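Engineer: Residue numbers (the numbering used here): 8 to 129. Cβ atoms here follow ideal geometry from the backbone N, Cα and C, with glycine treated the same way. Source: prediction; values computed, not measured. Let me begin by handing over the structure; questions about it come next.
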């Protein structure tokens, strides 16, 4: 096992998979209620050509766009949303990698903005 061989050199984390056939996973009214709970002063924005160039996006997680050949490639084939606070990206969810039947996503929140439900909203 990897844990035995590498001992303390690796971090283990849980991964989740959503099935397309389960419509309840993406209940639109429930998702809208999350967005409505966005704390005052925060703004939900799609990652576009402006957001992708804000340095704090990459400070929150370098992996939001790292698996794409370029920023232009990400904007063409990727998808993501961010939460801004005072013009700075403090949380994001983005396609980490894409493949024929789906995507893997990266979700991250700045340490100073955690425990506010931002990752759920984004």
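Who are the near neighbours of residue 95 in its chain, counting only those whose CB is closer than 6 Å to its CB and skipping five residues on each side?
Structural biologist: If we look at residue 95 and ignore the five residues flanking it on each side, its Cβ neighbours are 63.
Engineer: Any contact between the segment 96 to 104 and the segment 57 to 76? By contact I mean 3 or more CB pairs, one from each, below 8 Å.
Structural biologist: Touching, yes, given that three or more Cβ pairs across the two stretches are closer than 8 Å.
Engineer: May I ask you to report which of helix, strand or coil DSSP gives residue 73?
Structural biologist: DSSP places residue 73 in coil when its eight states are reduced to three.
Engineer: Compare the Cα-Cα distances from residue 53 to each of 46, 61, 47 and report the closest residue.
Structural biologist: Out of 46, 61, 47, 61 has the C-alpha closest to the C-alpha of residue 53.
Engineer: For residue 44, does the count of other Cβ atoms within 10 angstroms reach 16, so buried, or fall short, so exposed?
Structural biologist: Residue 44 is exposed by the Cβ-count criterion.
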